[in-house]
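Here's the structure we're looking at; comments come further down.
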Amino acid sequence: MSDTAPVAIVTGASRGAGRGIAVALGSHGCTVYVTGRSEKVGDHALPGTIYETAQAVTAAGGTGIAVRCDHSDDAQVQALFDQVRAEQGRLDILVNNAAAIYDELGMPGNFWEKPLKLGDMIDVGLRSGYVASWLAAPMMVAQDHGLIVFTSASGAAHYSMGPAYGAHKAGMDKMAFDMAVDFRDAGANVAALSIWMGALATDRLLAMMEADPDKFGYLRDQIETPEFTGHVIWALHSDPELHSLSGRTLIGAELAVKYGIQDEGGRQPPSYRDTHNVVPHVHHPLVIR
129 MSDTAPVAIV TGASRGAGRG IAVALGSHGC TVYVTGRSEK VGDHALPGTI
179 YETAQAVTAA GGTGIAVRCD HSDDAQVQAL FDQVRAEQGR LDILVNNAAA
229 IYDELGMPGN FWEKPLKLGD MIDVGLRSGY VASWLAAPMM VAQDHGLIVF
279 TSASGAAHYS MGPAYGAHKA GMDKMAFDMA VDFRDAGANV AALSIWMGAL
329 ATDRLLAMME ADPDKFGYLR DQIETPEFTG HVIWALHSDP ELHSLSGRTL
379 IGAELAVKYG IQDEGGRQPP SYRDTHNVVP HVHHPLVIR
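End of the sequence shown = 417 in the working numbering, gap-free, step of one.
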């Protein structure tokens, strides 16, 4: 591994989980490319822009670089990776976090009674993660080092907010598994894995909790800061035994215990294993080519 600052791309990092992960990686000295579509206040109903996140990464101790990128446009994503290759000559960490999330996701009703646009997360979320990984892999294999992370959740293994959301999460878990098979087959020192994040203290969820405390108030005892997963990702990247975990879907709260990571205020967020009796699927080792 190079002695230079690790280089990371965090997609969908204007706000929410992506912003927190980017800032946490910055606190560990990483150069972080922050992608998203929000460039100015008003570009999205929720606060946050790629430039604000990039500034926060730098303030945390890293180097934040904002890149406006619509992850539904393959040409823009290709340009992002071309920029990283030209400016840094390497890529150490890719966090596939961008997803088309709409407020209507949590509305009552069955999937056919909700807007068709909820299916967009199969494009920006699932396919976009495949495209970014497809572009990252050649760089990582050539340098014989790298970590690809998919930000997932327990909805991969139980019903949560409908089939589009479930397909998105389950698909990311499976892509991590299959990509790890290919990296091993190539003899490459590159890991791919998926992390189940807990309920996150994002502007969106905090507003939901305030609007309906009877429904969402219980989450106050379980919530994770958006930065929490970023510290877990850094610990994974630094783990000499990382490749024994490649291909797996892991619960972030359990990884935090393993690596001695606590959340803000010394909290230890609970695992889905304890709160919901849910664990990730274990994929079979059979390989058919």
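For every residue, glycine included, the Cβ atom is placed at its ideal position computed from N, Cα and C.
All values reported here derive from a predicted model rather than from experimental measurement.
Report buried or exposed for residue i, applying the criterion of at least 16 other Cβ atoms within 10 angstroms of its Cβ.
i: Met325; result: buried
i: Leu132; result: The question names Leu, but residue 132 is Thr in the sequence shown. Burial call: exposed.
i: Met249; result: buried
i: His412; result: exposed
i: Asp220; result: buried
i: Ile323; result: buried
i: Val410; result: exposed
i: Ile416; result: exposed
i: Glu338; result: exposed
i: Pro408; result: buried
i: Asp402; result: exposed
i: Gly146; result: buried
i: Leu414; result: exposed
Over what stretch of residues does the alpha helix (DSSP H) that includes residue i continue unbroken?
i: Gly185; result: Note that residue 185 corresponds to Val in the displayed sequence, not to Gly. Val185 -> alpha helix (DSSP H) spans 178 to 187.
i: Thr357; result: 354 to 366
i: Gly274; result: Not the alpha helix (DSSP H): Gly274 falls in the beta strand (DSSP E), residues 274 to 280.
i: Gly157; result: Per DSSP, Gly157 belongs to no alpha helix (DSSP H) and is neither H nor E.
For residue i, list the residues DSSP reports as bridge partners.
i: Val406; result: Per DSSP, none; premise fails for Val406.
i: Ala194; result: Val162
i: Arg395; result: Asp391
Hey, quick one: how far does the beta strand (DSSP E) through residue i stretch, first residue to last?
i: Ile379; result: 377 to 379
i: Val135; result: 135 to 138
Looking at C-alpha atoms only, which residue of the options is the closest neighbour of residue i?
i: Gly294; options: Leu334, Phe239, Ser256; result: Phe239
i: Thr330; options: Ile149, Val135, Leu373, Thr139; result: Ile149
i: Asn405; options: Ala270, Arg348, Ser282, Glu338; result: Ser282
i: Leu208; options: Ile229, Met303, Val162; result: Val162
i: Lys343; options: Met235, Thr353, Ser399, His199; result: Met235
i: Glu382; options: His371, Gln396, Glu369, Val277; result: Gln396
Quick check on the DSSP output: what are the complete alpha helix (DSSP H) runs of length 4 or more inside the region 217 to 272, in order along the chain? 256 to 271
Kindly provide the ranges of any beta strand (DSSP E) runs that are 3 or more residues long and lie completely inside the region 295 to 340, ordered along the chain. 318 to 324
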